[in-house]
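Student: Each residue of the sequence shown is one higher than the last, beginning at 9 in the working numbering.
Even glycine gets a Cβ: it sits at the ideal position worked out from N, Cα and C.
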Amino acid sequence: IEKFENDIVGYTSENHLLQETVEKLEKQLNNLHIQNQSLENTLELNQHSYHEKSNEYESLLISLKEANQNSLHLLEKRETELNTTQSEIQTLKYEQSAIISK
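What follows is the structure, encoded as structure tokens:
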């Protein structure tokens, strides 16, 4: 009987240690769940921010392309005007030469 009583005391002590270990592991698991939730929230915020910035940069790129096209069109227009003016100057020089040589 004494041996059984000693075994019971040993098992009770062992059970108590196992109970404490289970409680510690449950606390760790709970903390890990909290950390995981926090990381998921951070990831979600980062993804949202990434998509906002991506859309913002895409809009900016479209605006820059449009501005570049407008500048190119204006440059081509000015080039045409310059060529026309140069032709007019050449015509006036030719007419002036013709008048002087008469």
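1) Which class does I110 belong to by DSSP, given the choice of helix, strand or coil?
2) Nearest-angstrom Cα distance between K73 and K101?
3) DSSP on I70, reduced to helix/strand/coil?
4) Please return the same chain residues whose Cβ sits closer than 8 Å to the Cβ of E84, not counting the five positions on each side in sequence.
Tutor: In short, the structure shows the following:
1) One detail in the question is off: residue 110 reads as Lys in this sequence, not Ile. DSSP places K110 in coil when its eight states are reduced to three.
2) 41 Å
3) helix
4) none
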